[in-house]
Amino acid sequence: MIEDLAFLEERAAGAGLAGIPTKVRNGERLTPEDGLALYRTPDLALLGVLADEVRRRRHGDVAYYNVNLHLNYTNWCNKFCTFCAFQRRPKDDGAYCLSPEEVHAALAEAPAEITEVHMVAGVWPALPYAYYLDILRAAKAARPDVHVKAFTMVEVDQIVKTAGKPLGDVLAELQEAGLDSLPGGGAEVFSERVRQELYPKKMGAERWLELAGELHRFGFKTNCTMLYGMTETLEERVEHLTALRELQDRSLAAETGGGFQTYVPLAFHPEGTGLAHLPMPTAPERLRSVAVGRLFLDNVPHVKAYWVMMGLETAQTALNHGADDLDGTVTQERIYHDAGSRAPQRLDRGRLHRLIREAGFVPVERDTLYRELRRFEEPSEDEAVARTPVLEV
Ligand code: SF4
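So this is what it looks like as structure tokens:
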């Protein structure tokens with residue numbers, strides 16, 4: 005942390021961020037105008053310094069990861085989002101839908117050390133309600149000790165429609181079948197203008213926020229996301245973050261134990277999508293998105309640099325721009341790899357530790373709820389020989 009506030013303010017004045025270092029130092033909430041200034045400033049280094057101050061105040065010198073399995077149980081989808089390379093109709097080449105038995109087998113064959121399975125997929129209304137309950141039960145039957153984090157808000161919306169029951173009953177039944185928490189995806193960017201242009205069949209902001217609020221009131225932890233780098237404006241990004249922050253205020257006030265745990269900014273990957281002509285967000289833009297999230301979302305505990313999406317080296321650098329979490333070891337991820345991510349499918353523990361330690365932090369293995377499982381103060385043998393894969397997104 006740079007102690008000299010006068011120095012920071014002097015630099016901020018020349019970067020369109022006057023007054024923001026003082027607010028950050030005092031823990032004051034930033035306004036939407038401040039958020040816009042953060043997105044616009046040319047001084048990414050200063051942005052990183054400010055976000056790092058907040059990140060270290062909250063989490064000290066540790067950086068989190070978990071040991072997890074990503075299971076995209078089907079790519080059948082009827083939403084036809086322009087930005088998505090993952091979706092298929094059942095008769096398309098490469099279409100698949102895992103049976104509960106296949107979900108069971110995937111969990112049973114997963115590395116013994118996983119503590120979480122992250123299950124998200126497309127949306128196909130013909131799948132019966134029982135299917136969702138069965139895949140949860142199958143996951144739990146195979147690995148009762150593994151935390152099941154599943155279903156974006158878009159999937160939840162479809163599951164509730166398919167069930168034809170009140171939301172509260174559906175949530176209770178999903179929980180009974182094994183659902184432990186939710187990843188919170190499907191928000192994309194809340195702009196109705198962008199939705200009409202790129203994903204008109206997908207739910208709008210109002211329904212996403214309504215569902216997230218209901219999940220929190222029920223007591224579920226979720227994450228929150230923003231897909232950036234498509235056609236949204238910076239103002240629309242700030243409006244998105246503001247809506248997330250306002251919902252989190254309400255959810256925390258309800259004191260049910262539910263709420264957003266982590267903000268995950270997701271960089272748009274154009275390859276194979278209907279927006280292949282757009283450039284991918286650059287590394288500085290990805291770092292900026294992490295830093296703005298850390299500074300603006302003052303009521304969300306964690307910010308994740310999701311390395312599958314950011315690329316390893318940018319995610320590693322993001323640990324010094326406000327991120328405190330690199331996600332996990334991740335196997336079998338398909339959504340970003342179908343859209344051209346060249347990040348590896350899996351990182352072993354030694355590689356993750358090395359990425360974290362090279363960035364100046366102590367690796368801490370967490371569970372899904374950020375309970376510390378193991379802290380690795382000293383480099384382990386596997387870390388010493390681990391080589392960081394050179395492929396980048
Ligand atoms: S982003 Fe999700 S909802 Fe949209 S088409 Fe892809 S799988 Fe379907």
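If you count by the numbering used here, then the sequence shown holds residues 5 to 397, one letter each, in order. For each residue, glycine too, the CB sits at the ideal point set by N, CA and C. Note that the coordinates shown come from a computational prediction; the quantities given were computed from them, not determined experimentally.
Asked, Found
"Reduced DSSP category for P274 - H, G, I as helix; E, B as strand; rest coil", "coil"
"M230 and L270 closer than 9 Å at C-beta", "yes"
"Spatial distance of H357 from E239 (CA atoms)", "37 Å"
"Which of helix, strand or coil DSSP assigns to T26", "helix"
"Coarse secondary structure for Q91, derived from DSSP in three states", "coil"
"Touching by the beta-carbon criterion (3+ pairs, under 8 Å), the region 245 to 264 and the region 320 to 331", "no"
"Short Cβ contact (9 Å threshold) for L282 with T235", "yes"
"Segment contact flag, the region 52 to 60 with the region 83 to 93, C-beta cutoff 8 Å, min 3 pairs", "no"
"Beta-carbon contacts of D400 that lie in its chain and below 6 Å, excluding the five residues immediately before and after", "Since the first residue of the chain shown is 5 and the last is 397, residue 400 is not available in this structure."
"Q91: CB within 8 Å of a non-hydrogen atom of ligand 1", "yes"
"Backbone secondary structure at S185 - three-state DSSP", "strand"
"Exposure of E387, with buried meaning 16 or more beta-carbon neighbours within 10 Å", "buried"
"C-beta atoms of L102 and Y77 nearer than 9 Å", "yes"
"Span separating the alpha-carbon of T237 from that of R141", "42 Å"
"Close Cβ partners of F3 (< 6 Å) along its chain, the five nearest in sequence each way excluded", "Summary: the structure shown does not reach residue 3, with the chain confined to residues 5 through 397, and so no result is reported for it."
"Buried or exposed (CB count within 10 angstroms, at least 16 for buried), Q200", "exposed"
"Three-state class that DSSP yields for G208 in the structure shown", "coil"
"Beta-carbon spacing of P104, D138 below 9 Å", "yes"
"Residue span of the alpha helix (DSSP H) that contains Y136, given as start and end", "Y133 to A146"
"C101 - partner residues in DSSP beta bridges", "T78"
"beta-carbon F84 near ligand 1 non-hydrogen atom, thresh 8 Å", "yes"
"Close Cβ partners of M5 (< 7 Å) along its chain, the five nearest in sequence each way excluded", "E57 and R60"
"Reduced DSSP category for Y4 - H, G, I as helix; E, B as strand; rest coil", "Outside the shown range of the chain (5 to 397) lies residue 4, about which nothing can therefore be said."
"Proximity of Q265 and H306 at Cβ, strictly below 9 Å", "yes"
"Cβ separation of L215 and D161, assumed to be a contact under 8 Å, to the nearest whole Å", "6 Å"
"Heavy atom of ligand 1 within 8 Å of Y135 beta-carbon", "no"
"Own chain residues within Cβ distance below 8 Å of K205, not counting five before or after", "N82, K83, F84 and C85"
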